[in-house]
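Novice:
Numbering (UniProt numbering), first residue to last: 1 to 207.
(1) Taking buried to mean at least 16 other C-beta atoms within 10 Å of its own C-beta, is residue 147 buried or exposed?
(2) Along the alpha helix (DSSP H) that carries residue 167, what are the first and last residues, could you check?
(3) So, with DSSP's three-state summary, where would you put residue 34?
(4) Grab me the residues of residue 92's own chain with a C-beta within less than 8 Å of its C-beta, minus the 5 sequence neighbours each way, in chain order.
(5) Where in the region 57-119 do unbroken runs of the alpha helix (DSSP H), each at least 4 residues long, occur, reported from the N-terminal end onward?
(6) Could you tell me how far apart the beta carbons of residue 49 and residue 73 are, in whole angstroms, since I believe they sit closer than 8 Å?
(7) DSSP state of residue 189, grouped into three classes?
(8) May I have the straight-line CA-CA distance separating residue 129 from residue 18, to the nearest angstrom?
(9) Rounded to whole angstroms, what's the CA-CA distance from residue 156 to residue 189? Just pull it up for me.
(10) Pull up the distance between the alpha-carbon of residue 88 and that of residue 183, whole angstroms please.
(11) With a threshold of 7 Å on Cβ separation, who are the neighbours of residue 200 within its own chain once the five nearest residues in sequence on each side are excluded?
(12) Taking only the alpha-carbon atoms, compute the straight-line gap between residue 99 and residue 109 and give it to the nearest angstrom.
(13) Within 10 Å of its beta-carbon, does residue 197 have 16 or more other beta-carbons around it, so buried, or fewer, so exposed?
(14) With distances taken between CB atoms, is the gap from residue 4 to residue 32 smaller than 8 Å?
(15) For residue 149, which three-state DSSP category applies?
(16) Taking the continuous alpha helix (DSSP H) assigned at residue 144, which residues delimit it?
(17) When the Cα atoms are used, what is the spatial distance from residue 86 to residue 119?
(18) Do residue 126 and residue 114 have their C-beta atoms closer together than 8 Å?
(19) When the Cα atoms are used, what is the spatial distance from residue 168 to residue 178?
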């Protein structure tokens with residue numbers, strides 16, 4: 001695709017420069033890996049992320065946020081493959097980097113927590129998933145506008161978890177808040193809006 005070709009050209013330019021621009025090449029590989037991941041080509045994506053980490057180790061501090069972002073990307077691949085323990089390890093490493101490198105109000109703190117919530121949800125550890133999503137929500141409320149779509153997404157995640165835990169009334173409250181925000185900020189065809197509708201229908205069946 002055009003995106004893959006652009007990333008490959010950029011990578012070659014960074015690596016042919018004198019001196020080589022290793023950090024920039026690593027960022028380019030990260031972007032390329034995300035494209036492959038979105039196409040479902042997880043092996044190619046993992047290869048890019050691993051190579052990006054190697055370049056970062058040679059060019060930037062080990063607690064740099066680009067290292068954390070790459071660890072999150074690798075963790076997501078592990079989660080998709082149901083390698084949950086490996087994903088959790090990578091997510092915690094990323095979280096520690098963010099904790100030590102970013103101000104407390106930075107939105108990436110919430111992103112790390114959301115990733116942890118996602119893997120716990122996927123592995124059916126609903127109590128831990130709920131805990132991570134609740135922390136993420138508090139962090140988002142400190143760093144984002146009150147009607148930001150990411151807040152709606154986290155509220156929806158909490159509604160899903162509470163439904164799995166059998167707490168239907170609590171789930172309804174989260175879902176109503178998610179629906180209100182998404183209705184104001186997203187189109188009716190947005191995937192999150194569709195997910196909210198599906199969760200609402202499922203909840204109606206269980207209540």
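The beta carbon of each residue, even a glycine, is placed where N, CA and C say it ideally should be.
Given the structure is predicted, the values throughout are model-derived calculations rather than measurements.
Specialist: Looking at the coordinates:
(1) Here residue 147 is taken as the residue at index 147 of the chain shown, counted from 1. It is exposed - the Cβ of residue 147 has fewer than 16 other Cβ atoms within 10 Å.
(2) Taking the chain shown and counting its residues from 1, the one referred to as residue 167 is at position 167. Counting along the chain, residue 167 falls outside any alpha helix (DSSP H), and DSSP gives it neither H nor E.
(3) Here residue 34 corresponds to residue number 34 of the chain shown, with the count starting at 1. Correct three-state label for residue 34: helix.
(4) The sequence position of residue 92 within the chain shown is 92, counting from 1. Around residue 92: 116.
(5) 65-80, 84-101
(6) Within the chain shown, numbered from 1, the residue matching residue 49 stands at position 49. Within the chain shown, numbered from 1, the residue matching residue 73 stands at position 73. Contact flag correct, Cβ pair sits at about 5 Å.
(7) Numbered from 1 along the chain shown, position 189 holds the residue referred to as residue 189. Looking at residue 189 - three-state DSSP - the assignment turns out to be coil, as it is neither helix nor strand.
(8) As a first step, residue 129 is located in the chain shown; it is residue number 129 there, counting from the start. As a first step, residue 18 is located in the chain shown; it is residue number 18 there, counting from the start. When rounded, the distance between both Cα atoms is 47 Å.
(9) The count along the chain shown starts at 1 and reaches residue 156 at position 156. The count along the chain shown starts at 1 and reaches residue 189 at position 189. Whole-angstrom Cα-Cα distance: 16 Å.
(10) Mapped onto the chain shown, residue 88 falls at position 88. Mapped onto the chain shown, residue 183 falls at position 183. Using only the alpha carbons, I get a separation of about 33 Å.
(11) The sequence position of residue 200 within the chain shown is 200, counting from 1. So the qualifying residues of the chain are 175.
(12) By 1-based counting over the chain shown, the position of residue 99 is 99. By 1-based counting over the chain shown, the position of residue 109 is 109. About 7 Å.
(13) On the chain shown, position 197 is the one that residue 197 refers to. Residue 197 is exposed by the Cβ-count criterion.
(14) The count along the chain shown starts at 1 and reaches residue 4 at position 4. The count along the chain shown starts at 1 and reaches residue 32 at position 32. Cβ distance < 8 Å, so residue 4 and residue 32 count as in contact.
(15) Here residue 149 is taken as the residue at index 149 of the chain shown, counted from 1. It is helical.
(16) As a first step, residue 144 must be located in the chain shown, where it is residue number 144. Per DSSP, residue 144 belongs to no alpha helix (DSSP H) and is neither H nor E.
(17) As a first step, residue 86 is located in the chain shown; it is residue number 86 there, counting from the start. As a first step, residue 119 is located in the chain shown; it is residue number 119 there, counting from the start. Cα to Cα, residue 86 sits roughly 10 Å from residue 119.
(18) Working through the chain shown from its first residue, we reach residue 126 at position 126. Working through the chain shown from its first residue, we reach residue 114 at position 114. Contact flag unset, no.
(19) For the purposes of this step, residue 168 is taken as residue 168 along the chain shown, with counting starting at 1. For the purposes of this step, residue 178 is taken as residue 178 along the chain shown, with counting starting at 1. Roughly 15 Å between the two C-alpha positions.
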